[in-house]
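Here the structure is laid out as structure tokens; the discussion comes afterwards.
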Ligand SMILES: Nc1nc2c(ncn2[C@@H]2O[C@H](COP(=O)(O)OP(=O)(O)O)[C@@H](O)[C@H]2O)c(=O)[nH]1
Ligand SMILES: [Mg+2]
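In our numbering, the protein residues as written are 1 to 405.
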């Protein structure tokens with residue numbers, strides 16, 4: 001749970017700049033009251049600035065205009081809601097997006113260097129293993145120095161199986177061995193890392209073709225997915241990368257990384273809408289839980305609504321009573337001081353947990369506590385209930401309520 005919370009916070013934080021601009025712009029134009037040509041023109045500009053892209057923005061606005069006409073909407077707030085819902089619908093994934101999780105499957109992960117392929121594979125492996133799946137990683141990026149080691153580190157960390165050859169060897173041969181291993185061990189999910197040498201498209205195409213052929217012939221029953229990893233901070237460039245890869249592979253999903261950085265949130269909308277390929281995962285950092293399934297509602301809300309990220313309630317700690325800093329008596333050593341307290345039982349100082357603990361001397365608190373404790377105990381039996389040691393007594397964590405007499 002903490003992982004998901006952390007993810008949402010990072011996503012909201014990462015998008016805060018785009019959100020502020022978007023929400024600020026929308027507040028302004030919706031505040032003008034009129035839903036006219038000027039309004040749509042300004043809306044277009046606002047959406048394009050958020051990286052939603054020209055084509056997607058056009059499509060969104062056309063759809064919005066039609067619906068506004070159809071529903072005869074005049075109230076700007078209703079139009080705003082319609083806009084947000086239109087985008088959510090565009091981003092919705094359908095029900096079968098993650099079917100591969102419950103089948104014997106092979107995921108081929110492609111994309112240019114540095115976008116976050118290996119890291120995303122590591123995170124996916126960790127999550128699948130947490131779900132109780134068996135996973136094998138194939139180090140088919142034999143080109144980039146250090147790529148094999150990097151993947152191995154993730155395999156070791158997550159407990160996934162690992163198949164690699166030496167650097168510079170044939171990636172298709174690695175996949176061949178990985179497929180054999182997955183079949184013989186009945187592995188649930190095989191994930192293949194690849195090199196992304198886009199500058200040499202012919203080689204890339206040949207390499208991917210060969211890998212695909214091997215998976216197809218050696219493991220025909222496997223459920224196949226090909227995910228392209230795109231770095232969200234590269235904006236519209238990510239779109240052109242995806243287009244290039246679409247020419248050489250049947251891409252079934254997108255992993256959009258680095259959404260914790262300078263990425264503009266609109267890029268996910270543009271990618272999904274312009275390429276017709278669903279964004280299936282969003283990455284917001286380098287830990288295992290920093291990659292999560294794409295959720296259209298959460299994402300569009302993070303992008304378009306003023307609501308700040310709301311943490312789920314923490315474990316409720318009862319509110320501390322008024323600070324008693326001023327009333328802490330000197331360490332009680334004289335019998336007279338102890339006798340005076342009997343008239344004020346409910347509000348006894350020891351039942352109260354000071355808020356401004358930095359002003360309280362733990363030693364003094366310790367003395368007050370123990371003297372009160374011993375004074376009020378009529379038998380020694382209760383002593384077994386609590387053992388307080390002056391050296392370890394911590395006024396910040398000690399449960400006064402529990403031992404208040
Ligand atoms: N901030 C951030 N960094 C990421 C994310 N995903 C990957 N990275 C970093 O991007 C760099 C390149 O990642 P890597 O997995 O090696 O990319 P590859 O070349 O495509 O395999 C590494 O430093 C990763 O830690 C992400 O979602 N957020
Ligand atoms: Mg890599």
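Yeah, the Cβ is synthetic: ideal placement off N, Cα and C, and Gly gets one too.
- Annotated as proximal: residue 219 and residue 106, with beta-carbon spacing under 8 Å.
- Put simply, the backbone Cα of residue 276 is about 15 Å away from that of residue 236.
- Bridge pairing for residue 257: 231 [DSSP].
- A residue is called buried when at least 16 other Cβ atoms come within 10 angstroms of its Cβ; residue 115 meets this threshold and is buried.
- For ligand 2, a non-hydrogen atom lies closer than 7 Å to the CB of residue 150.
- Not a single heavy atom of ligand 2 lies less than 7 Å from the C-beta of residue 18.
- Secondary structure in the region 54–126: the beta strand (DSSP E) runs of 3 residues or longer, each lying completely within the stretch, are 105–110 in chain order.
- Under the DSSP assignment, residue 139 falls in the beta strand (DSSP E) whose first and last residues are 135–140.
- Straight through space, the alpha carbons of residue 141 and residue 148 are spaced by roughly 7 Å.
- Taken from the Cβ of residue 158, every heavy atom of ligand 1 lies 7 Å or farther away.
- Distance from the CA atom of residue 104 to the CA atom of residue 189, rounded to whole angstroms, is 6 Å.
- By the C-beta density criterion, residue 24 is exposed, having fewer than 16 other C-beta atoms within 10 angstroms.
- Taking each of 97, 19, 200 and 181 in turn and checking the Cα distance to residue 293, the smallest one comes out for 97.
- Here DSSP, grouped into helix, strand and coil, assigns residue 294 to coil.
- Within the same chain, and ignoring the five residues on either side of residue 77 in sequence, the residues whose Cβ sits closer than 8 Å to its Cβ are 30.
- Only residues of its own chain outside the window of five on either side were considered, and among them 86 have a CB closer than 7 Å to the CB of residue 63, listed in chain order.
- In terms of Cβ geometry, residue 254 and residue 108 do not form a close pair [threshold 8 Å].
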